Every structure is written in C-alpha cells, then in structure tokens.
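First up is the structure itself, then whatever we jot down about it.
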Amino acid sequence: MTRPTGPDAVILDYNGVLGLQPTRAQWLRLARTASWPEDDLAAFQRAFWNARDLYDAGQLSDLAYWARVLGSHPGPRLLRELLAADTDMWTATDASVLSVLRRAHATGLPMVLLSNAPAHLSTVLDTHDWRRMMTQALYSARLQLCKPDPATYQQALHATGVRDPRRVLFVDDRAHNCQAAARLGLRTLHYTGSTDALRTALLPAA
C-alpha cells in the first residue's frame, strides 16, 4: 500500500504513548511495599528515579537498583514483591492508542518499539498481545543505552528496514527524545495525549 504523505515506518515509545502513566494508587502500593512512609511519597519517587537511568540501561541488576532506592539490600521475598509492584505500574495500555496502531498495522506499516525499560519489565512487555504488531521491540536494558542516545535511534531505524530517516516517524511523549530523533533526520510527533494527532500522522488521507 502506498502512502504519498504518510511515513514508511514508525518508531514508537512505550510509556506515555502505548502505556498509561502510573496512578497515585500504584505509586502508593509500591511505596508501601518498600516500607516507605506514605506521607513522603515525593521523596520515594525521587529515590526511585535517581538511579533509574542506570537501571534502564542494564547497568544495575534488580537487586542493585532496589538497594540504591531503599538504602539497603532487600531480601529475596521483598525483591520479588518490589518487582511485581513496579512492573504493575507500567503494563496498563491506552485502548484508544492501540486502536489507531491496529488500523495502521493492518495497512502493513512497519512498527518498531523503542523504550527505556529495565530487563525485568522488558520481558513482561514482550508477553502482551500488542507486542505482535511490532516488527521488533528494542529496550534500553538490552541495548545497554537509553534514549536520547543517538545510537538507540539508529538501531531502531535499522530495525524498520527503511534507509531514509525522513520516511520514518518517531513518536514519544518526551520533547527532548523527539528533538534528539529530529537531529538524526527522523520525522517526529511529540505525543501529548491526542489520538487524533496520532491517527493523522499514521493514517493520512489518501
């Protein structure tokens, strides 16, 4: 199928595009699992994010990451509970986005996932039904690199099978990730929740 104005392939972020952002209740569940005071959720979130880039890049094991968050090593049972609660926060998906992607997939549009995600979460995401729409799923923990490193986009572009980056659309909810992609010549869509914008970008009128 020809697309005179649409892209020849799309590279998609997961969280904030396909995946819904965690709810406050999910954050509180994780904080309680970590025995963190519920009235200091902001401090827990700071601890959670401080080492997340290294964790996402596969440079910290599950145990090493949670030891940094908690300030001490969790035992095996607590580590399993933390992993379960953490993973639960990132697996809910946006039905309206998936509807657009299914329509795009039906046209034969190649879709590649490019996500900053730790190894444990990556393995879980690969089991979900929507993963079948992806030509390939590239996760930072497996790449050993996180967006916005240029090499992540280059690997994703290669996975699309399209040589010209101007014919590939990159979709992400973070502006700096889109800016990095644009510097490599990719088309970009800074996704802010408008499925209409996503639909127009992926399914332009013939």
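Those letters in the sequence shown? Residues 8 to 213, by my numbering. Using N, Cα and C, we set each Cβ at its ideal position, and we do this for glycine too. Since the model is a prediction, treat every value here as computed from it, not as a measurement.
Beta-bridge pairing of valine 178 - partner residues as DSSP gives them: Leu19 and Leu196
When burial is assigned at 16 or more other CB atoms within 10 Å of the CB, is asparagine 123 buried or exposed? buried
Check whether the Cβ atoms of leucine 193 and valine 175 lie closer than 7 Å to each other. yes
With the cut-off set at 7 Å, would you say serine 121 and leucine 145 are in Cβ contact? In the sequence as displayed, the identity of residue 121 is leucine instead of serine. Cβ atoms of leucine 121 and leucine 145: closer than 7 Å.
Using DSSP with H/G/I as helix, E/B as strand and the rest coil, what is serine 129? helix
Option nearest tryptophan 34 by Cα separation, candidates Arg53, Ala158 and Asp63: Arg53
Let's test the definition: count the other Cβ atoms within 10 Å of the Cβ of threonine 12 and tell me whether it reaches 16, buried, or not, exposed. exposed
Own chain partners of leucine 77 with C-beta closer than 7 Å, once the 5 adjacent residues on each side are dropped: Ala41
Which of helix, strand or coil DSSP assigns to methionine 8: Reliability fails at methionine 8, whose pLDDT of 42 lies under 50, so the model's placement of it is uncertain and the value that follows must be treated cautiously. Note: methionine 8 maps to coil in three-state DSSP.
Where in the segment 56 to 126 do unbroken runs of the beta strand (DSSP E), each at least 3 residues long, occur, reported from the N-terminal end onward? 118 to 122
What residue range does the beta strand (DSSP E) around leucine 145 cover? 143 to 146
DSSP bridge partner residues for glycine 26 (one or two, in chain order): Asn22 and Thr100
Cβ neighbours of threonine 131 in the same chain (closer than 8 Å, five flanking residues each side left out): Note on identity: in this sequence residue 131 is valine, with threonine being the wrong assignment. Cβ neighbours of valine 131 beyond the five flanking positions: Thr94 and Thr98.
C-beta atoms of leucine 19 and alanine 92 nearer than 7 Å: no
Contact check, threonine 100 vs leucine 25, beta carbons under 7 Å: yes
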